Amino acid sequence: MSADAAPGPAPSTARRLHDVPTVPGAPKPDPILVADKVSRRFGGLTAVDVDHIEIQRGVITALIGPNGAGKTTLFNLLTGFDRADTGSWTFEGTPLAGKPAYRVAHAGMVRTFQLTKALSRLPVIENMRLGATGQRGESLWRAMLPFTWRAQEAAITERADELLHRFKLHALRDDFAGSLSGGQRKLLEMARALMSEPTMVMLDEPMAGVNPALTQSLLGHVKDLREQGMTVLFVEHDMDMVHDIADWVIVMAQGSVVAEGPPDVVMADPVVIDAYLGVHHDAPATEAEERQQLAEVESRLEKEFSSPDDDSEAAEPALGARDEH
Amino acid sequence: MDWNSLVANSFHAAFGVNAIAYAIAAIGLNIHFGYTGLLNFGQAGFLAVGAYGTAISIVHFDVPYFLAALIGMSMAVLLALLLGLPTLRLRADYLAVATIAAAEIVRLVIGSTVYARWTGGSSGFSGAFSNAFYNANPLPNETLHFGPVSVTPNRAWFMIVGWSLVAVIALLVWLLVRSPWGRILKGIREDEDAVRSLGKNVFARKMQALIIGGVIGSIAGIALVTGERAVLPNVFGTQLTFFFWTLLLLGGVARVLGPVLGAVILWLVFAVTESILRSGASAGWVPEALVSQSQIGLIRVMLVGLGLMLLMIFRPQGIVGDRRELAFDVR
Ligand SMILES: Nc1ncnc2c1ncn2[C@@H]1O[C@H](COP(=O)(O)OP(=O)(O)O)[C@@H](O)[C@H]1O
Ligand SMILES: [Mg+2]
């Protein structure tokens, strides 16, 4: 098994990941995001304690790990939605630690949320327009002089309509975002994030609670982002999907990065299996035994990944439950 | 039943000083709550600083009326900064608590004997401070009559200026809320983290909204005391703020004309119920033992409360609101 088996990665960038050692915190040939010694404690609980992490430019990196591993908290820290206790990180060489969230977005790193944040009482098209950055009419004084921003607004609307077509939401253009289904909201949130023309997109469980029909289309959109040269970091539980689209996988457990590598390598890593199952396996005696054990664990892993979160609801409210009526 | 006095009272209530001042105050509150989702339970405080800032400038420093009004409005900017800087980065409820407290502090300070040398204490200022406004009245010096309604020149002057002011402010708000700036406010109302993630400086926009709504509130305060020709601290109690909330919900939240309609209707209902109750009492239909003349003022408030309850049940979006917006749970 090798990275080549993963279908679809942009050849040049994926090939460059070939030589990257599969160890936690591995240096990448062309990192867009580099973070060091990032930690965040909640009282006695260390939610995040990442020594070093690098995200390769132009590829899809999956961030996986059991519930409560600290993935969302790490997202929050990196995007300025939470304050790190320690640590520093740079995005395209610019230090971003301590910067407010809106500056992070301005720098080109835009995120979505695990719990979808559609702006319910705004029409879909207004949700989209809000995503565009550098709007002249957002200044209080120019706001009162529509002729100063009308042309730009028209251009923004055109771009928004294009994206809505691409995401198959155009029929819902003038509906309130609150009337959309859970899956449609996920799509809208992603499309809205793209309005800001980001260089890196961070998606926190983009597929959670989305019905299978929409999942494929979401997956397609994520791949599209890579084709367009964007960097994607996404959190996902379903190993099939990670397998399908990720060029690289980073595994977190109890706040730290415990493994990374191409999807196949990571899924076979005993450390990862430990992280998920919390059990230590005896060293296999023979090759056949090893293969059998691996197959066993893999199937258990897949089950674990693809079954809806059951014992995890305390940490993360159930998305699936309220979506897709 | 005296129909002439009913019509005359209704006219003055629906289009008089109170309706004008309440409409303006609620337009400000609509920016806070209706468009930005800020919970301001101290709008009366903004009216108070506007009114006192203006009156004190005129009475103690001989400042021209218009300049004094600008000073009153800048007091509202200060109050908004004072309230917003520490609370707008926190959860919404912190601002709510701070505004209630600040409005009460303002009212107690301006009414206290300690500062009575400046504020007139509990008796405030008499109407002399507003002379400049009425001296500027270009209307002929005779009372106007429209059927049963008669309007003194001063009252007519105030109504013309007042309603023009309402129109100008409503127009500005209309321009603002349909701009990209207004879109950010509405986004903040729905979910400020989402707006932040899209690269918008949420804190700055919330601060701007708080200041603008507060300044509009101070204009309402200046209008109120100019129209009443008296400045009294107890006018600016918590109940004033709650009347603004009432009429905003009545008219329709997040609609430019909602607060204007709400103010007119609130005062119309007050006038009509009072007229009916009073004539009923004097005709002996309402027994004195049950409702005394002095209790009629309270009864009409009860009736308005009842009306509002019915409205919330049967038309929860207010008179000009959009029912569809209530269809989804925002949080
Ligand atoms: N605001 C918070 N206050 C206290 N504990 C928190 C908070 N946010 C997250 N945690 C805790 O931090 C740990 C990591 O959570 P999270 O980052 O949401 O995990 P993941 O997204 O990987 O499932 C969990 O144990 C969670 O309970
Ligand atoms: Mg999470």
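Quick note, the sequences are listed as chains A and B, same order.
For the first sequence, the numbering used here gives the first residue as 1, with consecutive numbering after it.
For the second sequence, the numbering used here gives the first residue as 1001, with consecutive numbering after it.
Virtual Cβ for every residue (Gly too), placed ideally from N, Cα, C.
Nothing here was measured: the structure is a model prediction, and the numbers come from that model.
Beta-bridge analysis with DSSP links M109 of chain A to A:M200. For I1184 of chain B, the C-beta contacts it makes with chain A under 8 angstroms involve L130, E138, in order along the chain.
Interface with chain A (8 angstroms Cβ-Cβ cutoff): K1206 of chain B is excluded.
A residue is called buried when at least 16 other Cβ atoms come within 10 angstroms of its Cβ; D49 of chain A meets this threshold and is buried. When A:L163, A:M195, A:L122, A:G87 are compared, the shortest CA-CA separation from A132 of chain A is found for A:M195.
R1324 of chain B has a beta carbon lying within less than 8 angstroms of a beta carbon in chain A.
The beta carbon of V1195 of chain B sits closer than 8 angstroms to some beta carbon of chain A. A Cβ-Cβ separation of about 15 angstroms leaves A62 of chain A out of contact with A253 of chain A under the 8 angstroms criterion. Close to chain A, meaning a Cβ-Cβ distance shorter than 8 angstroms, is no residue of the region 1075-1099 of chain B at all. Between ligand 1 and A69 of chain A, a heavy atom-to-CB distance of less than 7 angstroms is present. Taking every protein chain shown into account, the CB of T86 of chain A has fewer than 16 other CB atoms within 10 angstroms, so this residue is exposed. In the structure shown, the three-state DSSP call for Q228 of chain A is coil.
In this structure P21 of chain A is exposed. Its beta-carbon is surrounded by fewer than 16 other beta-carbon atoms within 10 angstroms. Note on P206 of chain A: 16 or more other CB atoms within 10 angstroms of its CB, so buried under the neighbour-count rule. For T61 of chain A, the beta-bridge partners assigned by DSSP are A:L233, A:W248. Between A105 of chain A and L96 of chain A, the C-beta gap is not smaller than 8 angstroms, which leaves the two residues out of contact. No heavy atom of ligand 2 is found nearer than 7 angstroms to the CB of D1193 of chain B.
Just measuring C-alpha positions, the residue of B:L1261, B:V1269, B:V1161, B:L1210 sitting nearest A1076 of chain B is B:L1210. Residue state for D1093 of chain B is assigned as helix, using DSSP reduced to three classes. Taking a cut-off of 8 angstroms for Cβ pairs, the region 1113-1133 of chain B and the region 1050-1058 of chain B touch, as three or more such pairs fall below it. Of all alpha-carbon atoms in B:R1089, B:V1097, B:G1121, the one lying nearest the alpha-carbon of L1108 of chain B is that of B:G1121. Taking the Cβ of F1236 of chain B as the reference point, every heavy atom of ligand 1 lies at 7 angstroms or farther away. When secondary structure is reduced to three states using DSSP, E1274 of chain B falls in the helix class. Judged by DSSP secondary structure, V210 of chain A falls outside any beta strand (DSSP E); it is assigned neither H nor E.
Between the alpha carbons of F147 of chain A and L1175 of chain B lies a gap of roughly 11 angstroms. DSSP lists A:D36 as the bridge partner or partners of H52 of chain A. The DSSP assignment places 150-166, 182-194 as complete runs of the alpha helix (DSSP H) inside the region 142-204 of chain A, in order along the chain (cut-off: 4 residues). By the CB criterion at 8 angstroms, L219 of chain A and D244 of chain A fall inside the cutoff.
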